[in-house]
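Notes for the one structure printed next.
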Amino acid sequence: MKEEGRRISPALVIVPIAAGLGLVAVAALAFAGPPAPPPGRANLYGKVNDAATGEPISGVLVTLNGLEVYTDAGGNYIFEDLEPGTYSGSASKEGYETAYF
Numbered sequence: 003m004k005e006e007g008r009r010i011s012p013a014l015v016i017v018p019i020a021a022g023l024g025l026v027a028v029a030a031l032a033f034a035g036p037p038a039p040p041p042g043r044a045n046l047y048g049k050v051n052d053a054a055t056g057e058p059i060s061g062v063l064v065t066l067n068g069l070e071v072y073t074d075a076g077g078n079y080i081f082e083d084l085e086p087g088t089y090s091g092s093a094s095k096e097g098y099e100t101a102y103f
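Residue numbers (the working numbering): 3 to 103.
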């Protein structure tokens, strides 16, 4: 059952290693990133917070072009070794409105 007014606030960071990928960091995070991806690839990681309280949310399903991961206890997620391209995603959990990015 969806609760009114509860929203997810996803933040994400794209870590390009090879020059020319054209990726931009969207938000800074307070956790260490993963090892660097191979040349020409990228990692995308972020943190999901409650939009009203700012508290991290665990167990959020984060999707990215069909790939799926769940946030950890600190609200963190990661997609590793991504090919260059255009990506879209979502963050969803029961009781919250789905957020799209």
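Ideal Cβ positions, reconstructed from N, Cα and C, are used throughout, including at glycine. Since the structure is predicted, the reported quantities are computational estimates derived from the model, not experimental observations.
For residue i, the three-state DSSP class (helix, strand or coil)
i     : result
Glu99 : strand
Val62 : coil
Arg9  : strand
Asp83 : strand
Gly67 : The sequence shown places Asn at residue 67, rather than the Gly named in the question. Residue state, collapsed to three classes: coil.
Minimum C-alpha distance to residue i - residue among the options
i     : options                    : result
Pro86 : Lys49, Asn45, Ser94, Tyr98 : Asn45
Ser94 : Arg43, Gly77, Leu84        : Gly77
Thr73 : Pro40, Arg43, Glu57, Ala38 : Glu57
Val64 : Ala54, Arg8, Phe81         : Phe81
Residue i classed as buried or exposed, judged by whether at least 16 other C-beta atoms fall within 10 angstroms
i      : result
Asn51  : buried
Gly97  : exposed
Tyr102 : exposed
Alpha carbon of residue i to alpha carbon of residue j, nearest angstrom
i     : j     : result
Ala38 : Glu70 : 20 Å
Gly61 : Ala75 : 7 Å
Lys49 : Tyr79 : 6 Å
Contacts around residue i, its chain only, beta-carbon distance under 6 Å, and the 5 residues preceding and following it disregarded
i     : result
Asn67 : Tyr89
Asp83 : Pro39, Arg43
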